[in-house]
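Single-structure report; data block below.
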Amino acid sequence: MRILLGVELRFCNSTPFSTVQNPFGRGKTAGRREEEKRSRLRSMGRGGKINHAQKKRGDFSERRFCCMSFILSCESTVDLPFSYVESRKIPVLFYSYLMDGQTYVDDMLRDSEALPAFYRRLKEGQMATTSQINETDYLNFFDEQLQKGDLLHLAFGSGMTNSVANAQTAAEKMREKYPNRRLIVLDSLASSSGYGMLVDTAADMRDAGAEMEEIEAWVLANRNRVHHQFYSTDLKYFRRGGRVSGPAAMIGTILNICPLMHLNADGRIIAYGKVRGKKNAIAATVNWMKEHAQGGEKYDGKCFISHSHCWGDAEETRREIEAAFPKLRGKVRIFDIGTIIACHTGPGTVAVFFMGDEREAGEK
Numbered sequence: 001m002r003i004l005l006g007v008e009l010r011f012c013n014s015t016p017f018s019t020v021q022n023p024f025g026r027g028k029t030a031g032r033r034e035e036e037k038r039s040r041l042r043s044m045g046r047g048g049k050i051n052h053a054q055k056k057r058g059d060f061s062e063r064r065f066c067c068m069s070f071i072l073s074c075e076s077t078v079d080l081p082f083s084y085v086e087s088r089k090i091p092v093l094f095y096s097y098l099m100d101g102q103t104y105v106d107d108m109l110r111d112s113e114a115l116p117a118f119y120r121r122l123k124e125g126q127m128a129t130t131s132q133i134n135e136t137d138y139l140n141f142f143d144e145q146l147q148k149g150d151l152l153h154l155a156f157g158s159g160m161t162n163s164v165a166n167a168q169t170a171a172e173k174m175r176e177k178y179p180n181r182r183l184i185v186l187d188s189l190a191s192s193s194g195y196g197m198l199v200d201t202a203a204d205m206r207d208a209g210a211e212m213e214e215i216e217a218w219v220l221a222n223r224n225r226v227h228h229q230f231y232s233t234d235l236k237y238f239r240r241g242g243r244v245s246g247p248a249a250m251i252g253t254i255l256n257i258c259p260l261m262h263l264n265a266d267g268r269i270i271a272y273g274k275v276r277g278k279k280n281a282i283a284a285t286v287n288w289m290k291e292h293a294q295g296g297e298k299y300d301g302k303c304f305i306s307h308s309h310c311w312g313d314a315e316e317t318r319r320e321i322e323a324a325f326p327k328l329r330g331k332v333r334i335f336d337i338g339t340i341i342a343c344h345t346g347p348g349t350v351a352v353f354f355m356g357d358e359r360e361a362g363e364k
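For the sequence shown, this note's numbering begins at 1 and goes up steadily by one.
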C-alpha cells in the first residue's frame, strides 16, 4: 500500500471539532419547535435543499436541524482521534499492520501509549508493513451497518491503496442482499487528515439534514480541491517505499536534503522538488500554499497540519503559515499521523492541508 496525507477545508461555520447546535432552543413546545423548523426550511428553499452556492463554498451552517436518516462511515486512516469520530457517530473500519511478526490494529489514539511505542520500535530498527482491507472485512462491516439503515461509506483514497476496489465489490454483493437499502461507496482520493476533513465535512452535512446523494455530489466535486502538501526530514522510509533511491537517500541525508511532495488528481504521491534544510522546506510549503490556496494570501479558510513524531517541526510550520495567511479562519490545527500511514512515512514528515484549486494530474 502506498501512502500520504491530509488537507484544509473551508466548510461549515462550526469548527470541525464542535457539535452541531440545536437551532430551535430549549424550553419550547414541540409544536413551536416544529413550526420554526418548517419556517427555516421554507427560507432555505423547497425541501431545505442545499443550493449551488452553498455546495461550492462548503457552507452548510444554515441547515442546523439534525436528520440522521442514514449512516456515514469511514476507515481508520482518517487520522482523527477515535474519540472524536465516535462522538460524531461515524462507524470506523480499521486497518492493521504487521511488525516483528505480530499484527496490530490501527489505534487512532485510543491508547495514549500505542503511538509512542510504535515509533520506539521503528527507531530500534523493526520493520512495519501494511495490507489492504479485504473483501470479507468489508462484507462484514457493511452487513453490520446495513442492518441498521442506509449507508454512505467514504473510503481511503485509491492513490494510496487498492482497498476501495474491494469495498466496491463488497458493496455490489450487499446491494443484492439488502435491495431496499441505499449503499454508496466513495473513493476519497485523499489521505490522513485530508481524508479526515472530507469525512468530517460529510458529517456536518449529514447533521444539517443533507441527503446521501447531496453529500455524494459535494464530495465528488470537491475531493480534488483538498491539497496535500508535505515534506520530510527523514528519507529512509521514502527510500523503502521507492520514492527516493538508495544512493539519493544516503546523499540527501548527508546534505540535509528534504524532498517536497504532494498528492496529484489521482490521489498519488508526487515528489516534485527538493530543498536543503527544514527551514527551506517550510518556506517552499508556504509558497505552494500561496500559489494554490483559494484567494492566495487572502485565503480565509481552514488549514490542518499532520505530523509523524515531529511536533516541533509541525509547530514551526504552523507559525509560518499563520504569519503568511492573516485571514485564516481559526488557528491551524495539528494532528498526529496514525500508525498505518506512518508505516510508510516513518518519523519526520509534516503535511499541510488546505482548500484550493483543482489538483493537477500527472507527475508534477
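Glycine included, every Cβ here is placed at the ideal spot set by N, Cα and C.
Asked, Found
"Check: G312 C-beta below 7 Å from any heavy atom of the ligand SAM", "In terms of ligand content, the structure shown is empty, and the ligand SAM therefore cannot be addressed."
"Burial state of K298 (16 or more Cβ within 10 Å)", "exposed"
"Cβ-based burial, P347 [other Cβ within 10 Å; buried from 16]", "buried"
"Where R319 falls: helix, strand or coil (DSSP)", "helix"
"Under 8 Å between C-beta atoms of A202 and I215", "yes"
"Under the three-state DSSP convention, the category G273 falls into", "strand"
"CB of G209 within 8 Å of CB of L189, strictly", "no"
"Which of helix, strand or coil DSSP assigns to L189", "coil"
"D290 to A155 span [Cα, whole Å]", "The amino acid at residue 290 is misidentified as Asp; the sequence shows Lys. So the two alpha carbons sit approximately 29 Å from each other."
"Same chain, Cβ closer than 7 Å to Q168, five either side skipped, listed in chain order", "V185"
"L220 burial status per 10 Å Cβ neighbour count (16 or more: buried)", "exposed"
"Contact belief for M212 with R175 at Cβ below 8 Å, rounded distance in angstroms", "With 8 Å as the limit, M212 and R175 do not qualify as a contact, their Cβ atoms being about 14 Å apart."
"Per-residue burial, S232 [other beta carbons within 10 Å of its own, 16 or more giving buried]", "buried"
"Cβ pair count under 8 Å reaching 3, the region 297-313 against the region 329-336", "yes"
"Coil, strand or helix - P116 by DSSP", "helix"
"Range of the contiguous beta strand (DSSP E) that encloses L255", "No beta strand (DSSP E) contains L255, which DSSP labels as neither H nor E."
"Proximity to S87 [Cα-Cα], best of D200, K279 and F230", "D200"
"Residues sharing a beta bridge with M355, DSSP", "V226"
"Distance between L115 and S131 (C-alpha atoms, nearest Å)", "19 Å"
"DSSP three-state assignment for L152, whether helix, strand or coil", "strand"
"Expected contact under 8 Å - CB spacing of F230 and V352 to nearest Å", "7 Å"
"Per DSSP, cross-strand counterpart(s) of F335", "S306"
"Given K123 as reference, the closest of K236, E172 and N224 once Cα atoms are compared", "K236"
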